[in-house]
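Undergrad: Each residue of the sequence shown is one higher than the one before, starting from 1 at the first, in my numbering.
Sharing a structure with you now.
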Amino acid sequence: MTRSRTTLLSAVALLGTLAPLALAQQPSAAQPSAAKAPVAGAPALLAVGDPGFEAGSGAWQFTSGTGVATNNPHSGSRLVYLDAGSGLKVSQTVTATGPGAHVISAWIATGGPGGRYVLRVNGATAASLDLPASADYRRYTLGPVSLALGDRLEIAFESGQGWVNADDVMVSPATPARPRVTSSDPRIAEMFDWAARKANSWVQSPGTVGPLNADERQSGGTGSGVYSPSYWAGYANRSGYYSRDMTHQLGGAEVLGLRTEDKEMLRAFAASATARHAYYPVWALNFDDRTPLSIDYRSPDLFVREVPAVFELVQKAEEAYRWSGDRAYLDDPALWDFYRHATEEFVALHDGTKDNGPVRVAEGTGKGIFQGTASYNEQSDEPLAEAGDAIGSQYQAYRAMASLARAKGDRETAARFERRANDLKAYFNTTWSGGGSGADMVRGYTTDGRALTGWGKENSWFIPMKQLLAPGARREAYLDYIDAQAKGAGRPDNIEALTYLPDTFFTNNRPDTAWKWMREIYAQKDVQHVNTRQGTNGDYPEVSFTLVGQTVQGLMGVTPDAPARTLTTQSRLPSGMEWLSVEDLRIGDSAFTLRHDTRRRSTLTHASGTAPYTWQARFPGVHATVTVDGVPRPARTEMIDGMTYTTVRTRVAPGRTVTVEVR
Numbered sequence: 001m002t003r004s005r006t007t008l009l010s011a012v013a014l015l016g017t018l019a020p021l022a023l024a025q026q027p028s029a030a031q032p033s034a035a036k037a038p039v040a041g042a043p044a045l046l047a048v049g050d051p052g053f054e055a056g057s058g059a060w061q062f063t064s065g066t067g068v069a070t071n072n073p074h075s076g077s078r079l080v081y082l083d084a085g086s087g088l089k090v091s092q093t094v095t096a097t098g099p100g101a102h103v104i105s106a107w108i109a110t111g112g113p114g115g116r117y118v119l120r121v122n123g124a125t126a127a128s129l130d131l132p133a134s135a136d137y138r139r140y141t142l143g144p145v146s147l148a149l150g151d152r153l154e155i156a157f158e159s160g161q162g163w164v165n166a167d168d169v170m171v172s173p174a175t176p177a178r179p180r181v182t183s184s185d186p187r188i189a190e191m192f193d194w195a196a197r198k199a200n201s202w203v204q205s206p207g208t209v210g211p212l213n214a215d216e217r218q219s220g221g222t223g224s225g226v227y228s229p230s231y232w233a234g235y236a237n238r239s240g241y242y243s244r245d246m247t248h249q250l251g252g253a254e255v256l257g258l259r260t261e262d263k264e265m266l267r268a269f270a271a272s273a274t275a276r277h278a279y280y281p282v283w284a285l286n287f288d289d290r291t292p293l294s295i296d297y298r299s300p301d302l303f304v305r306e307v308p309a310v311f312e313l314v315q316k317a318e319e320a321y322r323w324s325g326d327r328a329y330l331d332d333p334a335l336w337d338f339y340r341h342a343t344e345e346f347v348a349l350h351d352g353t354k355d356n357g358p359v360r361v362a363e364g365t366g367k368g369i370f371q372g373t374a375s376y377n378e379q380s381d382e383p384l385a386e387a388g389d390a391i392g393s394q395y396q397a398y399r400a401m402a403s404l405a406r407a408k409g410d411r412e413t414a415a416r417f418e419r420r421a422n423d424l425k426a427y428f429n430t431t432w433s434g435g436g437s438g439a440d441m442v443r444g445y446t447t448d449g450r451a452l453t454g455w456g457k458e459n460s461w462f463i464p465m466k467q468l469l470a471p472g473a474r475r476e477a478y479l480d481y482i483d484a485q486a487k488g489a490g491r492p493d494n495i496e497a498l499t500y501l502p503d504t505f506f507t508n509n510r511p512d513t514a515w516k517w518m519r520e521i522y523a524q525k526d527v528q529h530v531n532t533r534q535g536t537n538g539d540y541p542e543v544s545f546t547l548v549g550q551t552v553q554g555l556m557g558v559t560p561d562a563p564a565r566t567l568t569t570q571s572r573l574p575s576g577m578e579w580l581s582v583e584d585l586r587i588g589d590s591a592f593t594l595r596h597d598t599r600r601r602s603t604l605t606h607a608s609g610t611a612p613y614t615w616q617a618r619f620p621g622v623h624a625t626v627t628v629d630g631v632p633r634p635a636r637t638e639m640i641d642g643m644t645y646t647t648v649r650t651r652v653a654p655g656r657t658v659t660v661e662v663r
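Next up, the structure:
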């Protein structure tokens, strides 16, 4: 056993004192269609008693040399321990009351190697992990494990050469999609496998009864509630998810098929953006998808609010619509009203400090996060009125609103927001950002009108990431500056900030730099997070979700459009990566396998679906010869955001494989 230390909190820890974990049935990997939304409060298919060990020893079985202790909990007030030696075990066996696949996670610390974390189904080992020596808690995940009705699952912690402490067992439903990555470079296959499993471990089981408003100050929360479809997005010691984290994790969540979770979480934020809140959504919500997380919400006039999040929620709703094809993103009144308010009333209400002429720019107060800040960069003490990450996110929200309105058949609204997006981008590049380049480019304005240059972290890299900065030498110089600052003295000390850098460089066609940052983030996954309550960097949910999304949307260049049954791809393989493939890529009701061989040949298999898709295969540059399955085909050349592409469009029916190649 270890020395005492400050008690930490995980929202799962208290579930054992409240109710068993409930798991909703998920479809198998072979099913292409989206899962039906689980019903919160539905009967549990697998119930684990006392997952936080808060109730004592009733639900678990103990050998000699093991027990419940209070000296080193990961959260709450209790944990289980195993002394050093052989043959010691703490376990629980539960019976599945229905079929389903599940992953099981636990926070574990060890005083030496040799311990094991094991899952057994009907007595046979289904998954196991040899635990390394780590005195600090880390979150380990096993599975997915498929269970049939009546199967008996044993969850066991077994002794080794040093003591073992375990706490906060959590069961998650296996994700509806099970994408698999293979490559000539084993590093990306290993990275994706880890990230997909880790991201899955953060998914909540609808119907779970758990604490509300639990955080580092009030480990017991303020009561309990029934959890709705959701996943962790933010600190793992709080019983909720954050708008900033959730929007950044959404791409990876869509790749994993978490359609229901994304829609419910987006809708919950949308419903909170009321006139009483000046059309700001709340910053964080409990896992019930209804109530604000109290550590960030004190009253309707005093809650954390950051301007970029308002606009990112609009952008990401449009992205989720393109992945899923779900018309609720167009027809749900709560969602549609939020899009309108965010891009109309919100901007008008929060534009009064800096004169931007006929262009409106949403502003913060310069008084901190509880009064409304213009930037995600919370480490800065600059009294910002306008910031690069806010104006960049506003630009993308305008583009998203135009896209959603067009899909809804509202051509007038679509045209209006296209003009607003174009006007905002032109204003930024001609006036707002000044005439400087690199370190001299303006990336914000203070409440007293001062233009700010230099390194602003989020309010620097969001500018090219949101495609606000016009293509050309100025943008290239700024990307060079961002890369130099992020790996130098200006490097953020929190891993979650670095997770934006691959997006920034993929978006601007710098795959080698983006891949460098993906490798850097993955290499830091076992390093202790700067916030010691978080565990390792890899235990921050944003890390795993973004690596999933960056593999598919970044390296593979996948842009879905399920409503139009269209899939656009572009190989962004870095130098030295000869080929990369992803299987079980779910878009709408179809499943695909996509492979890129260098940046010149792409192969798409429409594995399952109900109707053909139009595949738009895109290749950088002008190419003289284009073939589809070896047959020459006419191609067109188009300019997109300063880059010239050769593009081929072809129909891919379910069951068909097509290869496109340029020479």
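Here a beta-carbon is modelled for each residue, glycine too, at the ideal position from N, C-alpha and C.
Does the beta-carbon distance from arginine 595 to histidine 623 come in below 8 angstroms?
TA: For arginine 595 and histidine 623, no; Cβs fall outside 8 angstroms.
Undergrad: Less than 8 angstroms between the beta carbons of leucine 665 and tyrosine 395, yes or no?
TA: Because the chain spans 1 through 663 in this model, residue 665 falls outside it and cannot be assessed.
Undergrad: Counting pairs of Cβ atoms below 8 angstroms between the stretch 366 to 384 and the stretch 303 to 316, do you hit three or more?
TA: yes
Undergrad: Who are the Cβ neighbours of arginine 656 in its own chain at under 6 angstroms, not counting the five residues just before and after it?
TA: His606
Undergrad: Since valine 543 is in the alpha helix (DSSP H), which residue starts that stretch and which ends it?
TA: 541 to 549
Undergrad: Our contact map puts valine 652 next to valine 628 with C-beta atoms below 8 angstroms; I'd like the distance itself, whole angstroms only.
TA: The pair is not a contact, with the Cβ atoms about 10 angstroms apart (cut-off 8 angstroms).
Undergrad: Report, in whole angstroms, the separation of the C-beta atoms of glutamine 315 and serine 393, which I expect to be a contact under 8 angstroms.
TA: 7 angstroms
Undergrad: Which first and last residues belong to the alpha helix (DSSP H) in which histidine 341 is found?
TA: 333 to 343
Undergrad: Take asparagine 213 as the anchor and find which of Ser224, Val530, Gly98, Gln204 has the nearest alpha-carbon.
TA: Ser224
Undergrad: Given this structure, state the Cα-to-Cα distance separating glycine 454 from proline 502, to the nearest angstrom.
TA: Distance between the alpha carbons of glycine 454 and proline 502 is about 21 angstroms.
Undergrad: Under a Cβ-count criterion, where at least 16 other Cβ atoms within 10 Å of its own Cβ denotes burial, should serine 294 be classed as buried or exposed?
TA: buried
Undergrad: With contact counted as at least three CB pairs below 8 angstroms, one residue from each stretch, are the stretch 87 to 101 and the stretch 149 to 168 in contact?
TA: yes
Undergrad: I'd like the span of the alpha helix (DSSP H) that includes tryptophan 665, first residue to last.
TA: Here the chain has residues from 1 to 663 only, and residue 665 is not among them.
Undergrad: Do you know offhand how far asparagine 286's Cα is from leucine 335's?
TA: As the crow flies, the alpha-carbon of asparagine 286 is around 19 angstroms from that of leucine 335.
Undergrad: Strictly by DSSP, which residues pair up with phenylalanine 592?
TA: Note: phenylalanine 592 sits in a beta bridge opposite Leu585, His606.
Undergrad: Glycine 234: buried (16+ other C-beta within 10 angstroms of its C-beta) or exposed?
TA: buried
Undergrad: Count Cβ pairs between the stretch 529 to 538 and the stretch 127 to 143 that sit closer than 8 angstroms; are there 3 or more?
TA: Verdict: yes, contact present.
Undergrad: Tell me the start and end of each unbroken alpha helix (DSSP H) in the stretch 83 to 131 that is at least 4 residues and wholly inside, in chain order.
TA: none
Undergrad: Given glutamine 665, which residues of its chain have a CB within under 6 angstroms of its CB, disregarding the five upstream and five downstream residues?
TA: Since the displayed the chain opens at 1 and closes at 663, residue 665 lies outside it and no answer follows.
Undergrad: Contact check, tryptophan 107 vs aspartate 167 under 8 angstroms by CB: the rounded distance?
TA: 5 angstroms
Undergrad: What are the boundary residues of the beta strand (DSSP E) that includes methionine 577?
TA: From DSSP, methionine 577 is part of no beta strand (DSSP E); its letter is neither H nor E.
Undergrad: Given this structure, state the Cα-to-Cα distance separating threonine 222 from threonine 291, to the nearest angstrom.
TA: 12 angstroms
Undergrad: Determine whether the beta carbon atoms of valine 164 and leucine 82 lie at a separation below 8 angstroms.
TA: Yes, the Cβ-Cβ distance between valine 164 and leucine 82 is below 8 angstroms.
Undergrad: Excluding the 5 residues flanking phenylalanine 192 on each side, which residues of the same chain have their C-beta closer than 6 angstroms to its C-beta?
TA: Around phenylalanine 192: Val181, Thr551.
Undergrad: Applying the 10 Å Cβ sphere with the 16-neighbour rule, what's the burial state of lysine 263?
TA: Burial call: buried.
Undergrad: Who does glutamate 465 pair with in a DSSP beta bridge?
TA: First, the amino acid is wrong: residue 465 is methionine here, not glutamate. Note: methionine 465 sits in no beta bridge, so no partner.
Undergrad: Could you pull out every residue in the same chain whose Cβ sits closer than 7 angstroms to the Cβ of serine 608, ignoring the five residues on either side in sequence?
TA: Pro32, Ser590, Ala591, Pro654
Undergrad: By DSSP, does aspartate 440 sit in helix, in strand, or in coil?
TA: helix
Undergrad: Taking DSSP as the reference, what is the three-state secondary structure of glycine 221?
TA: coil
Undergrad: Which two residues bound the contiguous alpha helix (DSSP H) that contains valine 255?
TA: 243 to 255
Undergrad: Measure the alpha-carbon distance for valine 310 versus arginine 298 and round it to whole angstroms.
TA: 19 angstroms
Undergrad: If I measure Cβ to Cβ from alanine 405 and keep anything under 7 angstroms in the same chain, skipping five residues before and after, which residues do I get?
TA: Same-chain partners within the cutoff: Thr413, Ala414, Phe417.
Undergrad: Once you ignore the five residues that flank aspartate 641 on each side, which residues in its own chain have a CB closer than 7 angstroms to its CB?
TA: Gln467, Pro471
Undergrad: I'd like the span of the beta strand (DSSP E) that includes valine 662, first residue to last.
TA: First-last of the beta strand (DSSP E) with valine 662: 657 to 662.
Undergrad: Find the nearest neighbour of valine 631 within the set Leu604, Gly621, Ala489, Thr659, judged by alpha-carbon distance.
TA: Thr659
Undergrad: So, helix, strand or coil for methionine 639, using DSSP?
TA: strand
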